[in-house]
Structures are given as structure tokens and as C-alpha cells.
Amino acid sequence: MSIRHLDHLLAPASVAVIGASQRPASVGATVWRNLHGNGFKGRSYAVNPEHSEFDGVPVYPRVAALPEVPELAIVCTPPASVPGLIAELAEAGTRAAVVLTAGLDKAQRQAMLDAAKPHVLRILGPNCIGMLVPHLGLNASFAHIGALPGELAFVTQSGALMTAMLDWAHSRRIGFSHLVSLGEHADVDFGDMLDYLGSDAKTRAILLYIESIEAPRKFMSAARAAARNKPVIVVKSGRSAQGQRAAASHTGALAGSDIVYDAAIARAGMLRVDTMQQLFLAAETLARFRANRGEKLVILTNGGGAGVMAADCAAHTGVELAELSADTLARLDAQMPANWSRGNPVDIIGDAPAARYVQALEAINADPEAGAVLFVHAPTAIVPSADIARALVPLASQSPPRVLGCWLGGDSVEEARRLFREAGIAGFETPEEAVRAFAMLVTYRRNQAQLIEAAPARPEQAREPDLKAVRALVQQVLGSGRDMLDEVEAKAVLDAYGIPVVATTRVEADPAAAAEAAMAIGFPVAIKILSPDISHKSDVGGVVLGLAGAAQVRAAAADMLERVRAQRPAARIAGFTVQAMVDRKSGAQELIVGASIDRVFGPVILFGQGGTAVEVLADRAVALPPLNEPLARALVARTRVARLLHGFRDTPPADEAALHRVLMAVSQLLADIPQIAELDINPLIVDAKGAVALDARIRVSMAAPAGALNFAIRPYPAQLVQTLDWHGRRLTLRPIRPEDEAQHLEFLQHLDPEDVRLRVFYSRRSIERSELARLTQIDYAREMAFVATAPGPGGVEQTLGVVRAVADPDNVEAEFGIIVRSEIKGEGLGELLMTQIIDYLRQHGTQRLVATVLNENTRMLQLARDLGFREEAHKHEPGTRWVELDLAAMAAGPV
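Written out as C-alpha cells, the structure is:
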């Protein structure tokens, strides 16, 4: 994980300010005042060769004169001095620095990094405001005010936004566990901070302000790991469409960088919001209401207007209002006044006493289909709001949470708000704010569902793709100097990957030849211009449909040639394509499926409403590959056209499974063929009969921008699955999968407590749900866990053993752990698993494999010796041995 020495940065015992000063309005003076005057619990030192003391505090002339090596250094000196200072600090043993200095040129920046790297000195910045860790009293920044302690962490690329955040939060008494300004993030970046904060006990939610991502796979790995543990909420600037590059395909034009950020944030299980206010709104909602699983909402109110406002906002945000059951309506009818609303919103009338609120909430809570409850109250003179709050708190605070509170008004409802807040009930100022918060929760939960999917690069299909033929075709096209496949070639690629295509014939630019081909195909037919210089054929009149006879084909082809030559005189005309018209009824939907290469996140897949007006309609969604069926289904569901696919009136539902197969095939194509640069299937016709591609275009590139190695999320490595005979049993060795969770729990529950203690140094066999998920939902880019499985009683697969290794960010060192089912110890499974992980790490360039082993774990120590590990007493953990295997010295070989 990428957190090496971040504890020195974020929880230092000692801090030195290099360039500390007392010159008014200087960075050095502000930093020294913030550090020294805010109750920092550690030791602080000032370094400045021109002073001997600041207000009675000694000042040291240089780093070497300090009474101890500081764990953290804050550098406030001119750019030219920074590389030398970092080198001096690193040699002395400092392992973290905050470089506030701005204006480092490229050479100075690189020299700074080169000085830090051999000693793994972590650098925050340069050109940043710094950081604050309020619970330590640590203010390593030149911010104008401090921060209150709390449980929110805020990480930002904008220093100005951090100071604005401090102002905004201070006025609202909002506290933080950490505030970090990344600046130019030359070293410490979002990925590092997510890794650290994701497992930080003092942080319950992480807030990010992102302008750009430079290490997408690292970011996605860290984000997915953090989002499994706690809410991660993102404001990403730059939603405008400016800067979208010209592209040869609709997909290239549509898949702009911002929509891809949306897809990446969703796939990582995070939540994207638009404003800083929404950032805190989402944090509050997720902290107090995340355990709620409802996607529908019931509005309970004492005011019709407030209920209507909430219902209007629900319609606008896509929140579905629950339909109350007949039993619930009958129960409410028996308890409410005759003029209650008899529906949702549930308006129990303004004169309601406290008991009526309780009765109404009890009735709604008893309806399992009612979903969440938004309680909206307007104060009246009939009964004090605080009395109503006291009556409702026992019901409203039950777990899992079901009630969102909205007390309208000011001073008269302040005590009611306090009672709800102290009971842990999520509270909001307005009905609209509450509904928007609930909509965020629904989106967040859907994103979390995507988080647990580990899709293979090669999903199971009815037939294997003809990979050899596609590779040969792509090489032929590139070898001829072209980068665009013609329509016939593009359809051949799709057909090789099991995507149904309409039969298409290529002919010369001769109307008579087109007519002859049409007669061979059978009428009606469509003809299209074939030119390497014309991507969007309909733009130049290069498509004619529904031709019913040879004479019509000849005339249409002749007119097409004339039109195209007039509009695009420089275009090379290769001929025509002739294809049969697809006989689909009016219920068929024209869709687009495509792929392009995002400059940040690499290969992306697009889906939406197709046809010639695809850019105008702008009904599309983007996903990061790889895709499996649940991810393909989620991609489709994010579009408006998805509702039409479900069927309506006399139109039957479309074959959505066929559509999902197309999306998964495109995902596999991107994984298998690195030369794919853009792909369009438009239109893809989908109806109750299935899916068929009417037109396709593919652009390829010698730069090989696709391929599974360029995916922002590493696919499930299905190629590592193997089966073998072991002691008369059919054994499978494979990487662990998210869906192994129940099977892994069964494995852990059947281990002997002593075996667990020897493996993880404690004897507990029970495990938290979040911890279990962390073991099975791994990121294959930074961690590997092989399980050995075999059929158990009744043929159900059982896990017999697991070996796991987690590498550091530089892939220098990986720490391993191994455990085998207790009843089969001594049968050689441990050695088999260890050999598997060693071979895997060797192949992936890891240099060392290490572990800490209890002295009494003699079986593991002997296995390590047998496998060539070096062994010594652990320097820092009494009662343990340190074992290390030099993988770099071993000859690399295949897994």
C-alpha cells in the first residue's frame, strides 16, 4: 500500500520549520506561529541561520544543529535551496517533509525528488498551503485560522479552497480529523492519502476536491480500498464540455473527460457532488443514514405545502415515492382525522398532537415496502415542537435508521433539532435538502454495488472469439498505412467476437456492381458509401435505405457518388457497401455502443441512444472496463433509453441480455486488442428478438492504447486459474473473488483457534463484515490472494487454504501471510500455495517477499527455510522472527 512513512507526515512526534521567521506577513512566520502556538503535542524546532531565538525559544542555524532528527520538516525557503535541504534531511533520517515553497522549476523539482527517493522521504507539495491534524494540535500550514477537531478528512488540490473550507466550517462548528493541501503533489497524492485515511480510526468520512488525476490506476486502487471502509465524497471541478477533442467516431466525441470521471468515481464506490455545501450534506447523510437500504421514500408531514415541496423535489431528483399498502392505509384511516391526505405524502394535518405523529410513524414503519421516511414538521401553537421530538425519538432512532428529520423554522424548533441530532437522526434545514440528500444516498448505494464487482477480462460467452483472425486483420490494416477499418472489416471484427451483424457486401464504386450485389442479397437493401476519409456517412448523403429493386439501387448509387464528390471532392472513394435491410418492427430501439481512450483513465465504454442525432440527444453513460453482466446492466440503467427497453404499451420488452452480451464483448475486445483506439456500433438495433449491429466503425493505432494492461481497473486475472490432482482430489488454485465472501467465512470458522493465533497473532475466529470484504474484494493491481479450493460435502466448493501478498507502491517488497484448513496441515498444501505466490511475484518484478512469524510457529519457519528464506530475530517485535526471500536473485519464470 502507498502509505510508507505517511505516519511521520501526519502523526509526527517532532517537527522542524526550515525557514522559520518573525518577519511580519511572511510564510515562515505564519507557519511557525501556527505550529508553535496551537498546542502541538509533539516537539517543535525553528531553523534559521540569522536568528538565535524567537521569544525565548531557541532557533537553530541548520538542520545538523538540531537536538534530534525531526520526523517532519516544513520547508519555507527559496526554490533553489529546496533540493539541498531535502537531501540533508533525508541523510539525517527525516522521513517526511511539507514543501510550501512555490516556483520550483522542472530541474529543481526533479532534484528534490531524486534526493528524497533513496531514503523514502515523503514530500507533501511543493507549492501547497500545508496540512492540519487538529486532534494532535498540528497546524503545519500558513492558513489564516485553525481547524476544530472532528471526524471528517478533507484533501484538496486547491490551497485557496482549503482556507475557504476552514472559514466555512469554522462558522458552522464543523470539525476535521485532517485537512491536507496537496499542491503540485510531486510525491504524496490522492492515492496515498486515500490509502492512509481509509484505515484511519479517527476519520469516518473522506472529502476530496479534485482538479486532475495523474496516476489513475493507483488512484482507483486506493479509492476502491478506502470506499469499502467509509464514505468517500468527491467534488470534481471542470464539468464544462470545453476542450473535447475532435474524433473520428460518435463515441470519441461523446466520451469527454468529465463523464469519464463520473464513471470512475461511481465504479470506485465513491459519491460525486457538485458543491462544497453538498459535500457536507452528503457526509452528514452517509454518516447517520448509510445503513438504510430503502430506495423509496414516504413523506410524513403536518403541512400540505411542505409535503408538496418535498414531492416535487423527489420527482425532479428521480426519487420514487412509495405506494402505501392497503393495510397501512386502513390503519392510518382508523387513527388519523377524516381529512388526512390518504396517500403519500402523509399529511396528518396541522393540529396534530404528539400522539398522532407516533401513530402515523408506527403505521409506516410496520409497512416493509414503505422505504425511508422523511419527517417534515412546521411549528404550530397547538403543541411544542420539542414535545413532538421527544415522543418520536424512540421510534425515529431505531436501527437500521429509517427516518430523516426536517424541522422547518428557526428558534422555535431549535430544541427539537437538537433532540434529533443527539439521537443520531439525520437532520436537514429544508424538505428539498432532505430529498436531495436521500437521492445522493441512493446513488451512493448503487455505486457501492459496483465496487464489489471484479469482472474478468474474458467473460464467459457462448463461443470463444476468433482472436487470431482479428489480430491478423488489425495488423493488415496498420501495415497498409490505414488507421480506419472499413465497414466490412469492422463488422468482421464484431462477428469474430460474437456480436451479431447484418450481412454486408463490399463492391466497387460502380452503380451496376451495387445493383448486382443487391440482387444476390435480396431486396430490400441499403447502400452506403465506402471511403477511408468519410467516417459519418449520413453527413454527406452517403446512406440510402429501403431500396426495393435493382433500378432503384443503380439510381441511388449514381446519385450518391455525385453528392459525395460534390461535398467531399478530396475524399477517396473505395466503393459501396450493400446490406440487407433488417426487418424489425417499430418497437426496435436504435442504440449506440462504443469505446474510446480517455486521456486519464484509458479505455472506456459508452452506451446510449443511437442514430444520426446521437450527439444532440446526449443520452449516454460511460463505464470503465472490464465489464461483467451486473456492470453492463448498471451501465444501461444510467440512461433514459433504458426505460424504453423495458417495454411499453403494445411494445414487448427488448432482449436486454443480448445487449449486455454486446457490451461485455466490446469490453473483451478492448482487453484483447491493444491497438483499438475508437469503436462505434451505431445503430445497434435491439428488440425482443435480440441485438444486431447495422453499422460499425473502428479506428486502430500502432500506439496500442487499449489492452487490459491499460485498464484503470485491473481485471480479475482468470488466466491464473488452474486445476490439478492433489492427494486424489481435484484441486483448483485461483485468485480470490469478491463472491467468495460466504465461502471464506466458512473457511475461517473451521480453523483451529491456535492456527489463527499463529497466523494473525490473536485467537479470534469471528470477523467483522467490513474486514471480511477487505479479504475477498482485493485490488489485483496491488495485492494477490490465491485460494486452494476443492469440492466438499454435497459437491459444494470449499476453501482449503489461502496465501496472500501485499506489495508496497514501488513493488520492492511484499508481505505475505498463509493459512491452511487445520485438518489438512502437513499434507503439503502450504508449500503448494507458497510456490504459487512466489512464482507470481517473481513474474511481476517484486524484489523481496517478507513476513513476521511467531517464534512458536515452527511449521511456518521450517517451510520458509525449505523455500530458501533468510531468517533472523525481529528487531522491533520480541517473540517473532523476520523471514525474507530475495526474489530478484531467483530466475523469473511463469506462474
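Per the working numbering, residue 29 is the first one in the sequence shown, and the count goes up by one each step. Idealized CB from N, CA, C, for every residue including glycine. Keep in mind that this is a model prediction, so the values were computed, not measured.
Limits of the beta strand (DSSP E) - the one that Arg631 falls within: Within the sequence shown, numbered from 1, the residue matching residue 631 stands at position 603. The question names Arg, yet the displayed sequence has Pro at residue 631. Counting along the chain, the beta strand (DSSP E) containing Pro631 begins and ends at 630-637.
When the Cα atoms are used, what is the spatial distance from Gly266 to Glu242? As a working mapping, residue 266 is identified with position 238 in the sequence shown. As a working mapping, residue 242 is identified with position 214 in the sequence shown. Cα-Cα distance, rounded: 16 Å.
Mind checking who Ser72 pairs with in its DSSP beta bridge? By one-based count along the sequence shown, residue 72 stands at place 44. BP columns for Ser72 point to Val43.
Beta-carbon within less than 6 Å of Glu899's beta-carbon, same chain only, minus the 5 sequence neighbours each way: which residues are those? Counted from its first residue, the sequence shown places residue 899 at position 871. Cβ within range, chain order: Arg909, Val911.
Beta strand (DSSP E) containing Ser434: first to last residue? Within the sequence shown, the letter at position 406 stands for residue 434. In the sequence under discussion, the amino acid at residue 434 is Cys, which differs from the Ser named in the question. 431-435 is the extent of the beta strand (DSSP E) around Cys434.
Whose C-alpha, out of Leu479, Asp626, Gly639, is nearest the C-alpha of Val288? Here the question's residue 288 lines up with position 260 in the sequence shown. Taking only the C-alpha atoms, the option nearest Val288 is Asp626.
Nearest-angstrom Cα distance between Thr231 and Leu655? Translated into positions along the sequence shown, residue 231 becomes position 203. Translated into positions along the sequence shown, residue 655 becomes position 627. Near 32 Å, if we compare the C-alpha coordinates of Leu655 and Thr231.
Report yes if the CB atom of Val10 is closer than 8 Å to the CB atom of Gln138, and no otherwise. Any property of residue 10 remains undetermined from this structure, which presents the chain solely from 29 to 923.
Starting from the Cα of Met298, find the closest Cα among Ala115, Arg473, Glu450 and give me that residue. Position 270 of the sequence shown, counted from the first residue, corresponds to residue 298. Nearest to Met298 by alpha-carbon distance, out of Ala115, Arg473, Glu450, is Arg473.
Three-state class that DSSP yields for Pro653 in the structure shown: The residue you call residue 653 lines up with position 625 of the sequence shown. In the structure shown, Pro653 sits in coil (DSSP, three-state: anything other than H, G, I, E or B).
Report yes or no: do the stretch 769-784 and the stretch 740-750 share at least 3 C-beta pairs separated by less than 8 Å? no
Let me know if Phe676 comes out buried or exposed under the rule of 16 or more other beta-carbons within 10 Å of its beta-carbon. As a working mapping, residue 676 is identified with position 648 in the sequence shown. By the beta-carbon neighbour count (other beta carbons within 10 angstroms, threshold 16), Phe676 is exposed.
By a C-beta neighbour count over all protein chains shown, 10 Å radius and 16 as the cutoff for buried, is His405 buried or exposed? Translated into the one-based positions of the sequence shown, residue 405 becomes position 377. His405 comes out buried.
Ignoring anything shorter than 3 residues, give me the beta strand (DSSP E) runs that lie fully in the stretch 805-888, in order along the chain. 811-819, 825-835, 841-848, 876-882
Do you know offhand how far Asn883's Cα is from Gly907's? Reading the sequence shown from its first residue, position 855 is the one you call residue 883. Reading the sequence shown from its first residue, position 879 is the one you call residue 907. Cα-Cα distance, rounded: 6 Å.
Quick check: the stretch 691-704 against the stretch 725-736, are there 3 or more CB pairs under 8 Å? yes
Counting Cβ pairs closer than 8 Å, one from the stretch 589-596 and one from the stretch 700-720, do we hit at least three? no
Excluding five sequence neighbours on each side, which residues of the same chain lie with their C-beta closer than 6 Å to the C-beta of Lys324? Counting from 1 along the sequence shown, the entry for residue 324 is found at position 296. Closer than 6 Å at the Cβ level, and outside the excluded window around Lys324, lie Glu348, Ala350, Gly399.
Check each candidate in Phe403, Ala879, Val498, Ala338 and name the one with the smallest Cα separation from His902. As a working mapping, residue 902 is identified with position 874 in the sequence shown. When only C-alpha atoms are compared, the closest one is Ala879.
Going by DSSP, what residues sit across from Glu239 in a beta bridge? Taking the first residue of the sequence shown as position 1, residue 239 is located at position 211. According to DSSP, which records beta bridges pairwise, Glu239 is partnered with nothing at all.
Count the other CB atoms within 10 Å of the CB of Asp379; is the residue buried (16 or more) or exposed (fewer)? Looking up residue 379 in the sequence shown gives position 351. Answer is exposed; the Cβ neighbour count stays below 16.
Between Arg802, Ala818, Gly823, Glu825, which has its C-alpha nearest Val834's C-alpha? For this step, residue 834 is matched to residue 806 along the sequence shown. Considering only Arg802, Ala818, Gly823, Glu825, the residue with the shortest C-alpha distance to Val834 is Arg802.
For Ile114, tell me which candidate among Val610, Val91, Ile549 has the shortest Cα-Cα distance. Start at 1 with the first residue of the sequence shown, and residue 114 comes out as number 86. For Ile114, the nearest C-alpha among the options comes from Val91.
Local conformation of Thr129 per DSSP, three classes: Counting from 1 along the sequence shown, the entry for residue 129 is found at position 101. DSSP places Thr129 in coil when its eight states are reduced to three.
For Pro680, report the span of its beta strand (DSSP E) as first-last. What you label residue 680 is simply residue 652 of the sequence shown in a count that begins at 1. Taken as a continuous stretch (DSSP letters only), Pro680 belongs to no beta strand (DSSP E), as it is neither H nor E.
To the nearest angstrom, report how far apart Asn839 and Glu239 are at their CA atoms. For the purposes of this step, residue 839 is identified with residue 811 of the sequence shown, where counting begins at 1. For the purposes of this step, residue 239 is identified with residue 211 of the sequence shown, where counting begins at 1. C-alpha of Asn839 to C-alpha of Glu239: approximately 28 Å in a straight line.
Across the stretch 84-103 and the stretch 201-214, are there enough close Cβ pairs to call them in contact, namely three or more that are closer than 8 Å? no
Whose C-alpha, out of Ala651, Ser563, Leu309, is nearest the C-alpha of Asp286? Residue 286 sits at position 258 when you count from the first residue of the sequence shown. Sorting Ala651, Ser563, Leu309 by C-alpha distance to the C-alpha of Asp286 places Ala651 at the top.
Consult DSSP for Met364 and reduce its assignment to one of helix, strand or coil. As a position in the sequence shown, residue 364 is number 336, starting the count at 1. Here Met364 sits in coil by DSSP.
For a test of the three-state rule: what should DSSP assign to Asp195, helix, strand or coil? The sequence position of residue 195 within the sequence shown is 167, counting from 1. Note: Asp195 maps to helix in three-state DSSP.
Measuring CA to CA, which of Ile416, Asp290, Val463 is closest to Pro373? Counted from its first residue, the sequence shown places residue 373 at position 345. Answer by Cα proximity: Val463.
Cβ distance (whole Å) where Leu672 is taken to contact Gln607 below 8 Å: The residue you call residue 672 lines up with position 644 of the sequence shown. The residue you call residue 607 lines up with position 579 of the sequence shown. Incorrect: roughly 25 Å between the Cβ atoms, too far for contact.
CB of Ile847 within 8 Å of CB of Val830, strictly: Stepping through the sequence shown from its first residue, residue 847 is reached at position 819. Stepping through the sequence shown from its first residue, residue 830 is reached at position 802. Cβ distance < 8 Å, so Ile847 and Val830 count as in contact.
Below 8 Å on the Cβ atoms is my guess for Leu152 versus Leu236; work out the distance and round it to an integer in Å. To locate residue 152, count along the sequence shown from 1; it is residue 124. To locate residue 236, count along the sequence shown from 1; it is residue 208. No, Leu152 and Leu236 are not in contact; Cβ-Cβ is about 15 Å, not under 8 Å.
Hey, quick one: how far does the alpha helix (DSSP H) through Ala28 stretch, first residue to last? Any property of residue 28 remains undetermined from this structure, which presents the chain solely from 29 to 923.
Using the DSSP secondary-structure output, state which residues sit across from Thr760 in a beta bridge. Locating residue 760 in the sequence shown gives position 732, counting from the first residue. According to DSSP, Thr760 bridges with Thr751, Thr817.
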